[in-house]
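Residue 647, in my numbering, is where the sequence shown stops; the numbers in between run on with no holes.
We treat Cβ as the ideally placed atom computed from N, Cα and C, and that holds for glycine.
Just so you know, these numbers come straight off a predicted model, no measurement behind them.
Worksheet: the structure to be examined is printed underneath.
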Amino acid sequence: MFLLSPSPVSCLLLQAKLYFEKALKLEPDNVKTLTSYAIALIELGKFEESCKFFEKSFKVRR
Numbered sequence: 586m587f588l589l590s591p592s593p594v595s596c597l598l599l600q601a602k603l604y605f606e607k608a609l610k611l612e613p614d615n616v617k618t619l620t621s622y623a624i625a626l627i628e629l630g631k632f633e634e635s636c637k638f639f640e641k642s643f644k645v646r647r
């Protein structure tokens, strides 16, 4: 029997997600971090959540 385990890429994305969350606590209006976090969320299949961070990054740029 084979057990399903997360791929190495998925593990790295989950780790990156945690680091982005920490970074956004320190600098909540950092456009690069907001955008990168949104992209990581897309890769994790969290599309609706990623939209919130893309929208926030666009608002901050203005």
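- Short of 7 angstroms from the beta carbon of Ser-635, and not among the five residues preceding or following it, lie these beta carbons of its own chain, in chain order: Ala-623, Leu-626, Ile-627.
- Taking 4 residues as the minimum length, the alpha helix (DSSP H) runs contained wholly in the stretch 594–645 are 616–628, in order along the chain.
- Within the model, the alpha-carbon separation for Leu-609 versus Leu-597 is close to 18 angstroms.
- By the C-beta density criterion, Phe-643 is exposed, having fewer than 16 other C-beta atoms within 10 angstroms.
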